[in-house]
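Inspection log for the structure reproduced underneath, given as structure tokens.
Protein chains: 2
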Amino acid sequence: MSSCTATYRLYDDKADFRKKAESIAVGMTVGSWTELPQAKRESMQKHLGQVLQVDVHEPEGAQPGERFADVTIAYPDVNFSKDIPALLVTVFGKISMDGRIKLTKLGFSDDYLSSFPGPKYGIQGIRDILGVHDRPMLMSIFKSVIGLNIDELRDQFTKQALGGVDLIKDDEILFENELTPIEKRVEVCLKAAEAASRETGKKLLYAANLTGRTSSLKSQALKAIDAGANALLFNVLSYGYDVLHELSSDPEITVPIAAHPALAGAYYPSQHYGISASVLLGQLMRLAGADLVLFPSPYGSVTMPREENMAIRDELITSTLPIRTSMPVPSAGIHPGLVPLILRDFGQDVVVNAGGGIHGHPMGTEAGGRAFVQAIEAAQRGIRLAEYADATHPELKAALEAWGGER
Amino acid sequence: MSSCTATYRLYDDKADFRKKAESIAVGMTVGSWTELPQAKRESMQKHLGQVLQVDVHEPEGAQPGERFADVTIAYPDVNFSKDIPALLVTVFGKISMDGRIKLTKLGFSDDYLSSFPGPKYGIQGIRDILGVHDRPMLMSIFKSVIGLNIDELRDQFTKQALGGVDLIKDDEILFENELTPIEKRVEVCLKAAEAASRETGKKLLYAANLTGRTSSLKSQALKAIDAGANALLFNVLSYGYDVLHELSSDPEITVPIAAHPALAGAYYPSQHYGISASVLLGQLMRLAGADLVLFPSPYGSVTMPREENMAIRDELITSTLPIRTSMPVPSAGIHPGLVPLILRDFGQDVVVNAGGGIHGHPMGTEAGGRAFVQAIEAAQRGIRLAEYADATHPELKAALEAWGGER
Chain A
13 MSSCTATYRL YDDKADFRKK AESIAVGMTV GSWTELPQAK RESMQKHLGQ VLQVDVHEPE
73 GAQPGERFAD VTIAYPDVNF SKDIPALLVT VFGKISMDGR IKLTKLGFSD DYLSSFPGPK
133 YGIQGIRDIL GVHDRPMLMS IFKSVIGLNI DELRDQFTKQ ALGGVDLIKD DEILFENELT
193 PIEKRVEVCL KAAEAASRET GKKLLYAANL TGRTSSLKSQ ALKAIDAGAN ALLFNVLSYG
253 YDVLHELSSD PEITVPIAAH PALAGAYYPS QHYGISASVL LGQLMRLAGA DLVLFPSPYG
313 SVTMPREENM AIRDELITST LPIRTSMPVP SAGIHPGLVP LILRDFGQDV VVNAGGGIHG
373 HPMGTEAGGR AFVQAIEAAQ RGIRLAEYAD ATHPELKAAL EAWGGER
Chain B
13 MSSCTATYRL YDDKADFRKK AESIAVGMTV GSWTELPQAK RESMQKHLGQ VLQVDVHEPE
73 GAQPGERFAD VTIAYPDVNF SKDIPALLVT VFGKISMDGR IKLTKLGFSD DYLSSFPGPK
133 YGIQGIRDIL GVHDRPMLMS IFKSVIGLNI DELRDQFTKQ ALGGVDLIKD DEILFENELT
193 PIEKRVEVCL KAAEAASRET GKKLLYAANL TGRTSSLKSQ ALKAIDAGAN ALLFNVLSYG
253 YDVLHELSSD PEITVPIAAH PALAGAYYPS QHYGISASVL LGQLMRLAGA DLVLFPSPYG
313 SVTMPREENM AIRDELITST LPIRTSMPVP SAGIHPGLVP LILRDFGQDV VVNAGGGIHG
373 HPMGTEAGGR AFVQAIEAAQ RGIRLAEYAD ATHPELKAAL EAWGGER
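For the record, the sequence lines run as chains A and B.
Basically my numbering = 1-based index in the first sequence + 12.
Basically my numbering = 1-based index in the second sequence + 12.
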């Protein structure tokens, strides 16, 4: 019997967690069991949820609120269709509202996975497009773009591009507007990217923010692609994972999609409720086909604990799934002094993503990009940043002075 | 300047909440302000978020974790498109991940509202369809339907219909399946509804669960409507509000839509994070066009505090919006003895919705419906249930004995 699994952390000071687990397994599948006549049980057996594991954590002298159990339940695939809304409603629909319970892990059967082509490009595909195979990549973020006209946007794009970044992403709060509609900004920015490439010798992806009504997203994406777009940014959680799944698996959408974590904080930060970041921004984003996934880094002001970051990363790159990997993009609070630490935490397959750490550079946006490029060079060559920040690398030197050195 | 507003509850033991509010108002709109040259400020003024209110709650002797502020910020409409994903990303995208913050209320401008036709039927429309204008309505829920074949489904439907309920809803975990595909179960159940109507003299709505891939939902809905469907059930949160908005405003979808709260517990129960139930299941469901909205009642085992229920109700029926009202459907743990209390809490405009309280009746499902009908009659006539539960109302009597009497 093929099943998907869900692991929950249940908090309760005195519950019989085994009994609670059984009641979830029955209640979220066949509804009732012990009352069923034997003949009926035989026909319903293939629909019945199964408790796979119950680990009770009850430390000596546990304070009220500290007792919990990690419970894993198998949900037969035959009960639900092979899409993310059906899985989420099956494993966390009604019980999300039933006391202190957090969804901490999913397990996908091969049968379920057969509906998910996964990321169209993934880490390898993005590396191939950019021709960058031997180092982490560098992304910068448009800042303060609301109200900018197309010339101001081009100007900001050019400065970022000349700094030597590999990717530039729209601000996620830039929606369709008269000043900079998506096809116009794609056209103008990609032209600026070509000009910058002639100076830097680097290719560049520009992730334009895909917005609007759900049924118009595909035509918006095609409009952007027709205008030359080579990547898209998408606020997945405001639309639903299935919308990303449909976009990413559409053969006409021929560019990588970067998933923005906007709204994710409505789900993951509570200890007792919601959905863990590793499910939300790790497992489900990759399953739905995100080529790059942004999430709050453990380094800056908008932070997520390091172990949660590592759990997201693990889900994005694990080779246990038969789909492509997704590129981790830890974001917020990133400055050049953090580059060696980011590489220690994430390895080579990471996008170093900076906003203020590029635009706020004392020598300007372009220098901000260069400082990161130099920090990555140094880290790749095993040279301490402080040492590399000599007279030939004034941008790195200024960055380390502004934000602090290697950690 | 036309703006939408968002109110947040921010928790912090020592923050300057006014400063924090200013930083949200600037950070989520124009990005920076004090650094801008005067000329730029003039052009950006119309995009700048405004702090409307900061109420700090700091009781004498507040314990750590108890200090909070309710902060309201106005977001100029010019910054975002008139759809729910854009509003949510604007007001709660990035900041949802920035510390202890909960979104507790939204305010919609007339300009923003102009994109939202709202519920197509609403309370009045549903009353008109059913011809029920002088009493609360009664809904029953299919139970344990996974694995049932079409004859078993018809049988369960008939028993519910004969009990005299006004609406019957699918189980939200019933997805497309070979045994009971939507067009088949609509056909069979609606035929059973007609037969039952001849006995009960009552009209009946059957809300069939609309499931599948996002882009196929409309065709699924039309398939169901072609087969005779007179209502739909939809797991809104697993798809996104914009999908409901598109379905409800589609002129071809000519039946009421009931919004199921599956997954809502991933957002609302935490004190410090997420989105309040009154926003999630009240304001946004009505804005997106739900004709009926289910939510956990304050009465049963899967409970929500009464004040949160009242806040949802207020948002569903408030006359301050220029769109139709949505019918409140408090659900879970409802038995006939609770009817007078439900009517005291919700008034006449409520659907009394029961699953176990109907199917678990000692005399069977049909009697379970009758017991509720009798409880509603008694409450309407101002007669105590215990008094009404005489020999002429044996079903009510048995229900009160099984689950307890009037509260």
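In this text, a Cβ means the ideal position worked out from N, Cα and C, and glycines have one as well.
Bear in mind the structure is a predicted one, so any value in this text is a computation, not a measurement.
Quiz item: If we cut at 7 angstroms on Cβ distances, does A:Leu222 have a partner in chain B?
Solution: Position 210 of the first sequence, counted from the start, is the residue given in the question as residue 222 of chain A. So no, A:Leu222 is outside the interface.
Quiz item: Taking DSSP as the reference, what is the three-state secondary structure of A:Arg166?
Solution: As a first step, residue 166 of chain A must be located in the first sequence, where it is residue number 154. Three-state result, A:Arg166: helix.
Quiz prompt | Per-residue DSSP class, three states only, for B:Asn321 | solution = As a first step, residue 321 of chain B is located in the second sequence; it is residue number 309 there, counting from the start. If DSSP states are grouped into helix, strand and coil, B:Asn321 belongs with the helices.
Practice problem: Please list the partners that A:Asn247 has in chain B, where partner means a Cβ-to-Cβ separation under 8 angstroms. | Solution: The sequence position of residue 247 of chain A within the first sequence is 235, counting from 1. The contacting residues are Pro97, Val101 and Gly105.
Quiz item: Does B:Asn321 have its Cβ less than 7 angstroms from a Cβ in chain A?
Solution: Position 309 of the second sequence, counting from 1, holds the residue named residue 321 of chain B. So, not an interface residue.
Quiz item: Excluding sequence positions up to five away, which residues of its chain have a Cβ less than 8 angstroms from the Cβ of A:Gly380?
Solution: Numbered from its first residue, the first sequence carries residue 380 of chain A at position 368. Around A:Gly380: Ser152, Gly175, Ala366, Gly369, Ile370, His371, Gly372, His373, Glu407 and Ala411.
Quiz prompt | Coarse secondary structure for B:Asn161, derived from DSSP in three states | solution = What you label residue 161 of chain B is simply residue 149 of the second sequence in a count that begins at 1. Correct three-state label for B:Asn161: coil.
Quiz prompt | Closest by C-alpha distance to A:Ala274, when choosing among B:Thr84, B:Cys16, B:Val101 and B:His405 | solution = Stepping through the first sequence from its first residue, residue 274 of chain A is reached at position 262. If we check each option's Cα against that of A:Ala274, B:Val101 comes out closest.
Quiz item: How about the stretch 118-131 of chain A and the stretch 30-42 of chain A: do they share at least three Cβ pairs that are nearer than 8 angstroms?
Solution: no
Quiz prompt | Interface residues of chain A facing B:Gly43 [CB-CB closer than 7 angstroms] | solution = Start at 1 with the first residue of the second sequence, and residue 43 of chain B comes out as number 31. Residues of chain A passing the Cβ test: Lys155 and Ser156.
Quiz item: On the premise that B:Val90 lies in contact with B:Lys58, defined as a C-beta separation below 8 angstroms, what is that separation, rounded to the nearest angstrom?
Solution: Mapped onto the second sequence, residue 58 of chain B falls at position 46. Mapped onto the second sequence, residue 90 of chain B falls at position 78. At roughly 6 angstroms, the Cβ-Cβ gap stays under 8 angstroms, so B:Lys58 and B:Val90 are in contact.
Quiz item: Of the residues that make up the stretch 247-264 of chain B, which ones have a beta carbon closer than 9 angstroms to any beta carbon in chain A?
Solution: Asn247, Leu249, Ser250, Tyr251, Gly252, Tyr253, Asp254, Val255, His257 and Glu258
Practice problem: Could you please tell me which residues of the stretch 127-140 of chain A, in chain order, have their CB closer than 8 angstroms to any CB of chain B? | Solution: none
Exercise. With a floor of 3 residues, list each beta strand (DSSP E) that falls wholly inside the stretch 238-271 of chain A, ordered by position along the chain.
Key: 243-246 and 269-271
Quiz item: For B:Pro352, does the three-state DSSP call read helix, strand or coil?
Solution: Taking the second sequence and counting its residues from 1, the one referred to as residue 352 of chain B is at position 340. DSSP places B:Pro352 in helix when its eight states are reduced to three.
Quiz item: Quick one, are the C-beta atoms of B:Leu304 and B:Ala270 less than 7 angstroms apart?
Solution: Residue numbering aside, residue 304 of chain B sits at position 292 when the second sequence is read from its first letter. Residue numbering aside, residue 270 of chain B sits at position 258 when the second sequence is read from its first letter. Yes. Within cutoff.
Quiz item: Below 8 angstroms, can you find three or more Cβ-Cβ pairs linking the stretch 102-115 of chain A to the stretch 226-235 of chain A?
Solution: no
Self-check item: CA-to-CA distance, A:Ser156 to A:Arg325, given in whole angstroms
Solution: As a first step, residue 325 of chain A must be located in the first sequence, where it is residue number 313. As a first step, residue 156 of chain A must be located in the first sequence, where it is residue number 144. A:Arg325 and A:Ser156: Cα-Cα distance of roughly 29 angstroms.
Exercise. Report back the beta-carbon spacing between B:Asn247 and B:Glu184 to the nearest angstrom; my notes put them in contact at under 8 angstroms.
Key: The count along the second sequence starts at 1 and reaches residue 247 of chain B at position 235. The count along the second sequence starts at 1 and reaches residue 184 of chain B at position 172. At roughly 6 angstroms, the Cβ-Cβ gap stays under 8 angstroms, so B:Asn247 and B:Glu184 are in contact.
Quiz item: Any idea if A:Ile395 is buried or exposed, counting beta-carbon neighbours within 10 angstroms, 16 or more meaning buried?
Solution: Here residue 395 of chain A refers to the residue found at position 383 when the first sequence is read from its first residue. With fewer than 16 Cβ atoms within 10 Å of its Cβ, A:Ile395 is classed as exposed.
Exercise. Identify, in the order they occur along the chain, each residue of the same chain with its Cβ nearer than 7 angstroms to the Cβ of A:Ala401, setting aside the five sequence neighbours on each side.
Key: Within the first sequence, numbered from 1, the residue matching residue 401 of chain A stands at position 389. These residues qualify, in order along the chain: Leu408, Lys409 and Leu412.
Quiz item: Would you call the stretch 131-142 of chain A and the stretch 290-309 of chain A touching, i.e. three or more CB-CB distances under 8 angstroms?
Solution: yes
Self-check item: CA-to-CA distance, A:Val83 to A:Ala204, given in whole angstroms
Solution: Working through the first sequence from its first residue, we reach residue 204 of chain A at position 192. Working through the first sequence from its first residue, we reach residue 83 of chain A at position 71. In a straight line, the C-alpha of A:Ala204 is about 53 angstroms away from that of A:Val83.
Quiz item: Between B:Ala398 and the rest of its own chain, which residues show a CB-CB distance below 6 angstroms, the 5 nearest in sequence each way excluded?
Solution: Start at 1 with the first residue of the second sequence, and residue 398 of chain B comes out as number 386. For B:Ala398, where only same-chain residues beyond five positions count, the Cβ hits under 6 angstroms are Gly417.
Quiz item: How far does the alpha helix (DSSP H) with B:Lys132 in it reach, from first residue to last?
Solution: Position 120 of the second sequence holds residue 132 of chain B. Careful: B:Lys132 lies outside any alpha helix (DSSP H) and carries neither H nor E.
Practice problem: Would you kindly work out how many angstroms separate the C-alpha atoms of B:Leu217 and B:Ala207, rounded to a whole number? | Solution: For the purposes of this step, residue 217 of chain B is taken as residue 205 along the second sequence, with counting starting at 1. For the purposes of this step, residue 207 of chain B is taken as residue 195 along the second sequence, with counting starting at 1. So the alpha carbons of these two residues sit roughly 14 angstroms apart.
Quiz prompt | A:Ala276 at chain B interface by Cβ criterion, 7 angstroms | solution = In the first sequence, residue 276 of chain A corresponds to position 264, counting from 1. By this cut-off, A:Ala276 is an interface position.
Quiz item: CA-CA distance, B:Thr377 and A:Glu320?
Solution: Along the second sequence, one-based indexing puts residue 377 of chain B at 365. Along the first sequence, one-based indexing puts residue 320 of chain A at 308. When rounded, the distance between both Cα atoms is 48 angstroms.
Practice problem: Please work out which residues of its chain come closer than 8 angstroms, Cβ to Cβ, to A:Ser209, disregarding the five sequence neighbours upstream and downstream, and give them in chain order. | Solution: The count along the first sequence starts at 1 and reaches residue 209 of chain A at position 197. Cβ within range, chain order: Ala173, Lys215 and Leu216.
Quiz item: Taking any Cβ of chain A, which residues in the stretch 184-212 of chain B have a Cβ under 7 angstroms from it, in chain order?
Solution: Glu184, Ile185, Phe187 and Glu188
Quiz item: Can you give the Cα-Cα distance for B:Phe92 and A:Thr46, rounded to whole angstroms?
Solution: The count along the second sequence starts at 1 and reaches residue 92 of chain B at position 80. The count along the first sequence starts at 1 and reaches residue 46 of chain A at position 34. Rounded to whole angstroms, B:Phe92 to A:Thr46 spans 53 angstroms at the Cα level.
Practice problem: Examine the Cβ distances between the stretch 274-285 of chain A and the stretch 331-348 of chain A and report whether three or more of them are shorter than 8 angstroms. | Solution: no
Practice problem: Would you tell me roughly how many angstroms separate the C-alpha atoms of A:Pro148 and A:Ala81, rounded to the nearest one? | Solution: The residue given as residue 148 of chain A occupies position 136 in the first sequence. The residue given as residue 81 of chain A occupies position 69 in the first sequence. Going from the Cα of A:Pro148 to the Cα of A:Ala81 covers about 39 angstroms.
Practice problem: Leaving out five residues on either side along the sequence, give the residues of the same chain with a beta carbon under 6 angstroms from the beta carbon of A:Leu350. | Solution: The residue given as residue 350 of chain A occupies position 338 in the first sequence. Taken in chain order, the residues that qualify are Tyr311.
Quiz item: Under a three-way DSSP split, which group does A:Phe384 fall into?
Solution: The residue labelled residue 384 of chain A in the question sits at position 372 within the first sequence. DSSP places A:Phe384 in helix when its eight states are reduced to three.
Quiz item: Based on the DSSP secondary-structure assignment, which residues constitute the bridge partners of A:Val83?
Solution: Here residue 83 of chain A refers to the residue found at position 71 of the first sequence. Bridge partners of A:Val83: A:Tyr20 and A:Val66.
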